[in-house]
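In the UniProt record's numbering, the protein residues as written are 1 to 231. Quick reminder that beta carbons are idealized off the backbone N, C-alpha and C, glycines included. Okay, so here's the structure we're looking at.
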Amino acid sequence: MTTFVLVHGAWHGPWAWDRTVTLLHAAGARTLTPDLSAPGDQGLHDHTRTVVAALDSVAEDDIVLVGHSYAGLVVREAADARPGLAGHIVLVDGWAGPDGSSLFSLASEPFVAAVRTAAETLGSGHRVPAPPPAAFGIHDPDTAALLAERMVAQPLRTFTEPTRLTGAVDRIAGTAVYCRPQTHPFDRFGAALGYRTIALDGPHDVMLTDPQSLARILLRAHPFKSEKCEV
(Lines of atoms letter the chains of each structure in order from A and count residues from 1; the text may use other names and numbers.)
(Lines give C-alpha, C1' and ligand atoms only; values in the text may rest on other atoms or scores of the structure.)
Protein backbone atom coordinates (compact mmCIF):
# COMPACT_ATOMS: atom_id res chain seq x y z
CA MET A 1 0.00 0.00 0.00
CA THR A 2 1.12 3.57 -0.66
CA THR A 3 1.46 5.77 2.39
CA PHE A 4 1.84 9.52 2.09
CA VAL A 5 3.80 10.94 5.01
CA LEU A 6 2.63 14.56 5.02
CA VAL A 7 4.79 16.96 7.02
CA HIS A 8 3.45 20.42 7.81
CA GLY A 9 5.40 23.64 7.69
CA ALA A 10 6.28 26.26 10.28
CA TRP A 11 3.55 27.60 12.57
CA HIS A 12 1.14 24.93 11.32
CA GLY A 13 0.17 21.47 12.59
CA PRO A 14 -1.08 18.16 11.17
CA TRP A 15 -4.51 19.78 10.78
CA ALA A 16 -3.15 21.70 7.78
CA TRP A 17 -3.38 18.50 5.74
CA ASP A 18 -6.93 17.51 6.72
CA ARG A 19 -8.55 18.52 3.43
CA THR A 20 -5.86 16.76 1.41
CA VAL A 21 -5.95 13.66 3.62
CA THR A 22 -9.65 13.18 2.94
CA LEU A 23 -9.00 13.07 -0.81
CA LEU A 24 -5.99 10.76 -0.54
CA HIS A 25 -7.99 8.33 1.58
CA ALA A 26 -10.79 8.40 -1.00
CA ALA A 27 -8.20 7.39 -3.60
CA GLY A 28 -7.18 4.37 -1.53
CA ALA A 29 -3.98 5.69 0.06
CA ARG A 30 -2.85 5.72 3.66
CA THR A 31 -1.55 8.87 5.30
CA LEU A 32 0.56 9.84 8.29
CA THR A 33 0.83 13.43 9.49
CA PRO A 34 3.69 13.80 12.00
CA ASP A 35 3.26 16.64 14.48
CA LEU A 36 6.14 19.14 14.59
CA SER A 37 4.21 21.70 16.62
CA ALA A 38 4.99 20.41 20.12
CA PRO A 39 5.87 23.16 22.61
CA GLY A 40 9.49 23.70 23.58
CA ASP A 41 12.68 24.89 21.98
CA GLN A 42 12.94 22.18 19.36
CA GLY A 43 15.18 22.41 16.32
CA LEU A 44 15.24 21.01 12.82
CA HIS A 45 17.05 17.86 13.92
CA ASP A 46 14.40 17.18 16.57
CA HIS A 47 11.75 17.45 13.88
CA THR A 48 13.76 15.13 11.66
CA ARG A 49 13.69 12.47 14.36
CA THR A 50 9.90 12.79 14.55
CA VAL A 51 9.60 12.20 10.80
CA VAL A 52 12.09 9.33 10.85
CA ALA A 53 9.94 7.64 13.49
CA ALA A 54 6.95 8.00 11.21
CA LEU A 55 8.88 6.46 8.31
CA ASP A 56 9.99 3.55 10.49
CA SER A 57 6.37 2.89 11.48
CA VAL A 58 5.33 2.26 7.86
CA ALA A 59 8.59 0.80 6.58
CA GLU A 60 6.79 -2.01 4.74
CA ASP A 61 4.71 0.41 2.67
CA ASP A 62 5.44 2.29 -0.54
CA ILE A 63 6.20 5.73 0.96
CA VAL A 64 5.82 9.15 -0.59
CA LEU A 65 7.36 11.75 1.72
CA VAL A 66 5.83 15.22 1.41
CA GLY A 67 7.12 18.41 3.02
CA HIS A 68 5.41 21.80 2.95
CA SER A 69 7.44 24.99 3.23
CA TYR A 70 9.96 24.71 6.12
CA ALA A 71 9.37 20.95 6.21
CA GLY A 72 11.10 20.62 2.85
CA LEU A 73 14.36 20.76 4.82
CA VAL A 74 13.05 18.29 7.39
CA VAL A 75 11.85 15.63 4.94
CA ARG A 76 15.10 15.69 3.01
CA GLU A 77 17.11 15.15 6.18
CA ALA A 78 14.73 12.36 7.24
CA ALA A 79 14.94 10.69 3.84
CA ASP A 80 18.73 10.93 3.98
CA ALA A 81 18.64 9.10 7.31
CA ARG A 82 16.36 6.37 5.90
CA PRO A 83 17.21 6.31 2.18
CA GLY A 84 15.72 2.87 1.63
CA LEU A 85 12.26 3.81 2.85
CA ALA A 86 11.01 6.83 0.91
CA GLY A 87 10.37 6.05 -2.74
CA HIS A 88 9.67 9.65 -3.70
CA ILE A 89 9.98 13.09 -2.13
CA VAL A 90 7.52 15.89 -2.86
CA LEU A 91 8.21 19.47 -1.84
CA VAL A 92 5.18 21.77 -1.69
CA ASP A 93 6.50 25.33 -1.84
CA GLY A 94 9.36 23.76 0.06
CA TRP A 95 12.64 25.19 1.31
CA ALA A 96 15.44 22.83 0.32
CA GLY A 97 19.13 22.82 -0.49
CA PRO A 98 22.37 20.89 -0.21
CA ASP A 99 24.07 19.70 2.97
CA GLY A 100 24.46 22.53 5.44
CA SER A 101 21.46 24.51 4.22
CA SER A 102 19.11 26.15 6.69
CA LEU A 103 15.99 28.14 6.03
CA PHE A 104 17.85 31.32 6.90
CA SER A 105 20.74 30.47 4.57
CA LEU A 106 18.27 30.08 1.69
CA ALA A 107 16.01 33.05 2.48
CA SER A 108 16.43 36.68 1.52
CA GLU A 109 18.02 39.11 3.96
CA PRO A 110 14.78 41.10 4.49
CA PHE A 111 12.89 37.90 5.36
CA VAL A 112 15.57 36.80 7.82
CA ALA A 113 15.68 40.24 9.43
CA ALA A 114 11.89 40.34 9.81
CA VAL A 115 11.76 36.90 11.41
CA ARG A 116 14.61 37.68 13.82
CA THR A 117 12.97 40.95 14.81
CA ALA A 118 9.67 39.19 15.48
CA ALA A 119 11.44 36.63 17.67
CA GLU A 120 13.35 39.30 19.60
CA THR A 121 10.42 41.65 20.17
CA LEU A 122 7.51 39.24 20.55
CA GLY A 123 8.96 35.80 21.17
CA SER A 124 11.49 36.24 23.99
CA GLY A 125 14.30 35.85 21.48
CA HIS A 126 13.78 32.16 20.75
CA ARG A 127 10.26 31.74 19.33
CA VAL A 128 8.72 33.33 16.25
CA PRO A 129 5.05 34.31 16.58
CA ALA A 130 2.76 33.15 13.79
CA PRO A 131 2.22 35.71 11.03
CA PRO A 132 -1.33 36.68 10.03
CA PRO A 133 -3.16 34.33 7.62
CA ALA A 134 -2.70 36.82 4.79
CA ALA A 135 1.05 36.10 4.92
CA PHE A 136 0.21 32.63 3.60
CA GLY A 137 -2.09 33.98 0.92
CA ILE A 138 -5.26 33.11 2.83
CA HIS A 139 -8.07 35.65 2.54
CA ASP A 140 -11.19 33.49 2.72
CA PRO A 141 -12.72 34.39 6.10
CA ASP A 142 -13.41 30.82 7.24
CA THR A 143 -9.97 29.50 6.32
CA ALA A 144 -8.30 32.60 7.74
CA ALA A 145 -10.14 32.05 11.01
CA LEU A 146 -8.97 28.43 11.05
CA LEU A 147 -5.35 29.53 10.67
CA ALA A 148 -5.59 32.32 13.21
CA GLU A 149 -7.05 29.94 15.77
CA ARG A 150 -4.68 27.03 15.27
CA MET A 151 -1.27 28.39 14.30
CA VAL A 152 1.40 28.39 17.02
CA ALA A 153 4.76 30.07 17.57
CA GLN A 154 7.74 28.46 15.83
CA PRO A 155 11.11 27.84 17.54
CA LEU A 156 13.75 30.09 16.00
CA ARG A 157 16.19 27.15 16.03
CA THR A 158 14.22 25.46 13.29
CA PHE A 159 15.18 28.30 10.96
CA THR A 160 18.86 28.46 11.93
CA GLU A 161 19.94 24.82 12.25
CA PRO A 162 21.69 23.55 9.11
CA THR A 163 20.66 20.26 7.59
CA ARG A 164 22.97 17.26 7.92
CA LEU A 165 22.97 15.25 4.70
CA THR A 166 25.23 12.41 3.60
CA GLY A 167 24.13 12.61 -0.02
CA ALA A 168 21.89 9.54 0.16
CA VAL A 169 18.80 11.70 -0.26
CA ASP A 170 20.03 12.86 -3.66
CA ARG A 171 19.52 9.35 -5.02
CA ILE A 172 15.78 9.55 -4.29
CA ALA A 173 13.57 10.95 -7.03
CA GLY A 174 11.71 14.13 -6.20
CA THR A 175 9.05 16.56 -7.33
CA ALA A 176 8.93 20.23 -6.39
CA VAL A 177 5.49 21.81 -6.51
CA TYR A 178 5.70 25.59 -6.46
CA CYS A 179 2.74 27.88 -6.01
CA ARG A 180 2.09 30.88 -8.24
CA PRO A 181 2.50 33.74 -7.74
CA GLN A 182 5.70 32.83 -5.92
CA THR A 183 6.67 34.27 -2.57
CA HIS A 184 10.16 32.71 -2.59
CA PRO A 185 12.09 30.94 -5.40
CA PHE A 186 10.76 27.47 -4.59
CA ASP A 187 10.97 26.44 -8.24
CA ARG A 188 14.72 27.12 -8.24
CA PHE A 189 15.24 25.24 -4.99
CA GLY A 190 13.67 22.15 -6.54
CA ALA A 191 15.36 22.48 -9.91
CA ALA A 192 18.78 22.83 -8.26
CA LEU A 193 18.22 19.42 -6.66
CA GLY A 194 17.30 17.83 -9.98
CA TYR A 195 13.62 17.50 -9.04
CA ARG A 196 10.83 17.75 -11.55
CA THR A 197 9.10 21.08 -11.00
CA ILE A 198 5.34 21.58 -11.27
CA ALA A 199 3.56 24.93 -11.07
CA LEU A 200 0.29 25.13 -9.16
CA ASP A 201 -1.72 28.34 -9.19
CA GLY A 202 -2.63 29.24 -5.64
CA PRO A 203 -1.26 30.65 -2.39
CA HIS A 204 1.48 29.22 -0.21
CA ASP A 205 -1.08 27.26 1.83
CA VAL A 206 -2.53 25.62 -1.27
CA MET A 207 -3.37 22.46 0.69
CA LEU A 208 -6.12 24.53 2.30
CA THR A 209 -7.35 26.42 -0.76
CA ASP A 210 -7.07 23.78 -3.49
CA PRO A 211 -6.60 20.36 -1.91
CA GLN A 212 -8.02 18.58 -4.95
CA SER A 213 -5.35 19.86 -7.34
CA LEU A 214 -2.62 19.15 -4.82
CA ALA A 215 -3.90 15.64 -4.11
CA ARG A 216 -4.00 14.93 -7.83
CA ILE A 217 -0.34 15.93 -8.15
CA LEU A 218 0.64 13.83 -5.15
CA LEU A 219 -1.11 10.75 -6.51
CA ARG A 220 0.69 11.12 -9.84
CA ALA A 221 4.10 11.90 -8.37
CA HIS A 222 5.01 8.26 -7.82
CA PRO A 223 3.70 4.92 -9.16
CA PHE A 224 0.66 4.33 -7.03
CA LYS A 225 -0.30 0.81 -5.98
CA SER A 226 -4.06 1.16 -6.23
CA GLU A 227 -6.73 0.75 -8.85
CA LYS A 228 -8.44 3.84 -7.46
CA CYS A 229 -5.91 6.57 -8.08
CA GLU A 230 -7.83 9.65 -9.19
CA VAL A 231 -9.52 12.45 -7.25
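- The beta carbon of Leu103 lies closer than 7 Å to those of Tyr70, Leu73, Trp95, Phe159 in the same chain, with the five residues before and after it left out.
- Of the other Cβ atoms in all chains shown, fewer than 16 fall within 10 Å of the Cβ of Ser108; this residue is therefore exposed.
- The three-state secondary structure of Leu65, taken from DSSP, is strand.
- Contact check between the region 114-130 and the region 188-208: fewer than three CB pairs, one atom from each, fall below 8 Å, which does not count as touching.
- Within the region 53-123, the complete beta strand (DSSP E) runs of at least 3 residues fall at 62-68, 86-92.
- The residue among Leu106, Pro203, Asp61, Pro162 with its C-alpha nearest the C-alpha of Pro185 is Leu106.
- In the three-state reduction of the DSSP assignment, Leu200 falls in the strand class, which pools E and B.
- A straight line joining the alpha-carbon of Leu200 with that of Thr175 spans about 12 Å.
- Per the DSSP secondary-structure output, Pro155 pairs in a beta bridge with Arg127.
- Distance between Ala79 and Asp170, taken at the CA atoms: about 9 Å.
- Here the C-alpha atom of Asp62 lies approximately 39 Å from the C-alpha atom of Arg116.
- Spanning the alpha carbons of His68 and Phe189 requires a straight line of approximately 13 Å.
- Residue range 206-209 is occupied by the alpha helix (DSSP H) that includes Thr209.
- Membership of Phe186 in the alpha helix (DSSP H) is indicated by the continuous run 186-192.
- When C-beta atoms of the region 10-18 are compared with those of the region 41-59, fewer than three pairs fall below 8 Å, so the two segments do not count as touching.
- Contact between Leu214 and Val92 holds, with the beta-carbon distance rounding to 7 Å and staying under 8 Å.
- Scanning Arg216, Gln182, Val64, Ala26 for the CA closest to the CA of Gly87 turns up Val64.
- Within the DSSP bridge table, the entry for Ala176 names Leu91, Thr197 as partners.
- Leu165 sits in coil when the DSSP states are folded into three classes, being neither helix nor strand.
- The beta carbons of Val51 and Leu218 sit no closer together than 8 Å.
- Per DSSP, the unbroken beta strand (DSSP E) holding Arg30 starts and ends at 30-32.
- Between Thr163 and Glu77, the CB-CB gap stays under 8 Å.
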